[in-house]
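Quick note on numbering: the sequence shown equals residues 1 to 78 in full-length UniProt numbering. For every residue, glycine included, the Cβ atom is placed at its ideal position computed from N, Cα and C.
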Amino acid sequence: MILNIGIVSGEILEVFDEVKNPLTERELEVYLGHSQEKILMSLGWLVREGFLTVEEKCGNTFFACKKEANKEYMLINH
């Protein structure tokens, strides 16, 4: 399961690299096709590690990638 969280976390960062806009957990779920459980665990890890920010707007929770964190991830993994 931990390996899966790492893989999904990487996929989430790649989505943010393409989309460049804040997204909800549900949008990421639809975009990636992973379960809500895997998406939420991966988002939690990414927030904890400082890769993502969280913001509440109109009753929805939006996640956004910190530009410097995503740049660091992409340099390491590509």
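Non-local beta-carbon contacts of H34 in its own chain, meaning distances under 7 Å to residues more than five positions away in sequence, involve V8 in chain order.
The Cβ-Cβ distance between L13 and E25 does not fall below 8 Å. Residue environment for K57: exposed (fewer than 16 other C-beta atoms within 10 angstroms of its C-beta). Take A64, set aside five residues on each side of it, and the residues of its chain with a beta-carbon closer than 6 Å to its own are P22 and T53, in chain order.
The alpha-carbon of N60 is positioned some 16 Å away from that of Q36.
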